[in-house]
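Notes to accompany the following structure.
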Ligand code: ATR
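In this note's numbering, the protein residues as written are 32 to 304.
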């Protein structure tokens with residue numbers, strides 16, 4: 032009987048120091064009895080394709096790609112899944128037949144899994160998406176696939192407008208300016224900016240928050256349930272709050288599925304983390 036080859040995976044990003052992905056993947060490996068390694072690699076900003084090339088030319092079987100390289104990974108891929116084509120960004124690479132590299136994006140499916148788990152996904156929901164960068168782009172095809180009405184707000188209005196125009200063919204999406212925000216009563220607010228990492232403050236009207244709104248922050252703080260955005264929502268009375276850990280675990284599980292043909296039990300990992 033042929034033994035399964037020991038596989039090597041890595042996550043490539045910059046910054047990468049605080050990533051939880053190696054921990055999550057080691058729990059998947061234990062849970063599924065699939066022995067594999069998973070390391071984190073900090074890549075200098077102009078070195079992505081060199082580093083990823085040498086990884087796949089030596090030991091690499093699969094890779095995760097995080098900020099700021101997801102669009103470069105999209106261009107790097109020889110073959111793309113539909114999900115990657117829709118978002119034009121790639122967070123998972125896999126070496127396939129003939130040494131070709133397949134690019135996939137598991138962010139959207141991971142995000143939907145987590146919204147379902149939390150009970151945040153209502154039918155015909157109004158969703159306010161804050162941010163129009165790479166993180167927002169990665170989610171849009173998934174949230175538009177569920178018949179939601181999406182409003183997209185961004186500090187730089189033009190970027191929101193551009194993204195709304197690009198994805199309008201997939202569903203109801205409308206860019207909004209700051210003044211429009213006071214008229215929006217969303218059932219779900221998704222925070223997808225990187226303001227967390229900058230020193231400036233994110234300014235939003237308090238009228239966005241009501242008792243029934245669900246608030247999801249794609250970012251997270253290690254060893255903490257909350258984030259500055261979620262603190263703001265909570266102070267104003269929001270009760271349904273979630274940080275990005277759930278999505279992180281879920282997208283990782285779908286990457287694991289692509290690499291190893293088995294979906295780990297995501298709920299068990301929540302308990303273990
Ligand atoms: P990512 O891939 O993390 O989304 P990005 O593509 O650089 O990173 O996008 C960052 C997002 O955070 C953008 O929506 C950005 O707004 P601008 O388009 O106006 O730059 C948003 N952002 C970053 N700092 C912010 C701040 N202090 N206040 C509001 N939005 C901010």
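Ideal Cβ placement from N, Cα and C applies to all residues, glycine included. Note that this is a predicted model, so its numbers are computed, not measured.
query, result
"Start-to-end residues for the beta strand (DSSP E) that takes in residue 37", "Note, residue 37: premise wrong, no beta strand (DSSP E); not H, not E."
"Euclidean distance between Cα positions of residue 145 and residue 304", "15 Å"
"Residue 137 versus 282, 215, 295, residue with shortest Cα-Cα distance", "282"
"Assigned secondary structure, residue 217 (DSSP; H/G/I helix, E/B strand, else coil)", "coil"
"Unbroken beta strand (DSSP E) run spanning residue 71, endpoints", "67-73"
"Among 45, 48, 61, nearest to residue 294 - alpha-carbon criterion", "61"
"Alpha helix (DSSP H) runs contained entirely in the stretch 197-281, provided each spans 4 or more residues", "259-266"
"Proximity to residue 101 [Cα-Cα], best of 199, 115, 255", "115"
"Inter-stretch contact (C-beta, 8 Å, three-pair minimum) for the stretch 149-158 and the stretch 171-178", "yes"
"According to DSSP, residues forming a beta bridge with residue 135", "123"
"Per DSSP, cross-strand counterpart(s) of residue 44", "73"
"Residue 117 vs residue 279 beta-carbon contact at 8 Å", "no"
"Proximity test, residue 226 beta-carbon vs the ligand ATR heavy atom, cut-off 7 Å", "yes"
"Residues that DSSP places opposite residue 184 in a beta bridge", "161, 207"
"Residue 169 in three-state terms, based on DSSP", "helix"
"Inter-residue Cα distance where the pair is residue 46 and residue 291", "27 Å"
"Rounded separation between residue 111 and residue 105 - CA only", "8 Å"
"Backbone secondary structure at residue 143 - three-state DSSP", "helix"
"Burial state of residue 41 (16 or more Cβ within 10 Å)", "buried"
"Contacting residues, own chain, Cβ-Cβ under 7 Å from residue 185 (five flanking each side not counted)", "162, 163, 191"
"Per DSSP, the bridge partner or partners of residue 110", "133"
"Backbone CA spacing between residue 259 and residue 188 [nearest angstrom]", "23 Å"
"Below-8 Å beta-carbon distance, residue 50 vs any chain C residue", "In summary, chain C is missing from the structure at hand, where a single protein chain is found."
"Sequence-distant residues of the same chain with beta carbon closer than 6 Å to residue 32, five excluded per side", "Here the model assigns residue 32 a pLDDT of 48, short of 50, so the residue's position is not dependable and the matter cannot be decided."
"Nearest-angstrom Cα separation, counted from residue 160 out to residue 167", "7 Å"
"Contacts around residue 148, its chain only, beta-carbon distance under 7 Å, and the 5 residues preceding and following it disregarded", "277"
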